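Have a look at the structure below before the remarks.
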Amino acid sequence: MIFGAFGRPIEGEFVSGDAYLIREIESGWLIALADGLGHGAAAAEASEKALSIIDTCAGAHGSEVDLRDVLRLCHAGLACTRGAVIGLCHLNLKDRVWSSLIVGNIILRVLSDRRLNPVPAGGIVGHKLPKTVHVAEWPYCQGDTLILHTDGVREDYSMDSLVTEWGLTVQQAAERIIEQYGAKTDDATVIIGR
Ligand SMILES: [Mn+2]
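Okay, so the sequence shown: first residue is 0 according to numbering that gives the first Met the number 0, each after it adds one.
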């Protein structure tokens, strides 16, 4: 997989309340995106704390990443912050399986032979988790495209044109999505893997 990512803060802020992590681990890849509540430094504190916890989990567990455990640790660690919505994806290259867990409004799309739009659960990590946390799993196919973004990115971009316009690198595509579909009224961040 090759990943590209791009983000920028809401107009008038210098720091983004969104934060992301793309990490190669023993089993494959761990991808995380967090959107701290609100904007500015306090939002960034929450999302960066989440990512540092996730990063520590990735280092500690290596091949056995349990997304529910990661979420539980984030929930405990973010209690003293504003809280964040979080999306986690794990690509297990050995078993050729994707898994994802989303709490709150983080948008995940996957393009593969099969079209998948996993449904996230409501909640705020650090304050209120949903009753049931669903881990979605689906097979990995070579050539899959994964897109994970915050709610500061409008969702009306065309997945088909993204795929047919793949003359762009994933990094260029990430920058183009933010440029064209990023809402000026929110922090906006996107991760694309292919
Ligand atoms: Mn947001």
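No residue lacks a Cβ here, since even glycine has one placed at the ideal position from N, Cα and C.
All values derive from a computational prediction rather than experimental measurement.
For the pair Leu77 and Ala45, the CB atoms are nearer than the 9 Å cut-off.
At the C-beta level, His89 and Leu50 stay beyond 9 Å of one another.
Excluding sequence positions up to five before and after Leu70, its CB lies within less than 8 Å of the CB of Ile85, Leu87, Leu100, Val102, Val124, Leu128 and Val132, all in the same chain and listed in chain order. Assigned with DSSP and collapsed to three states, His133 falls in coil, not helix or strand. Distance from the CA of Asp17 to the CA of Asp94, rounded to the nearest whole angstrom, comes to 31 Å.
As DSSP reads the structure, Cys88 sits in a beta bridge with Ile30 and Ser99. Here DSSP, grouped into helix, strand and coil, assigns His148 to strand. With a 10 Å radius around the Cβ and a threshold of 16 neighbouring Cβ atoms, Pro8 comes out buried.
The residues Lys183, in chain order, have a CB closer than 7 Å to that of Glu10 in the same chain once the five nearest residues on each side in sequence are set aside.
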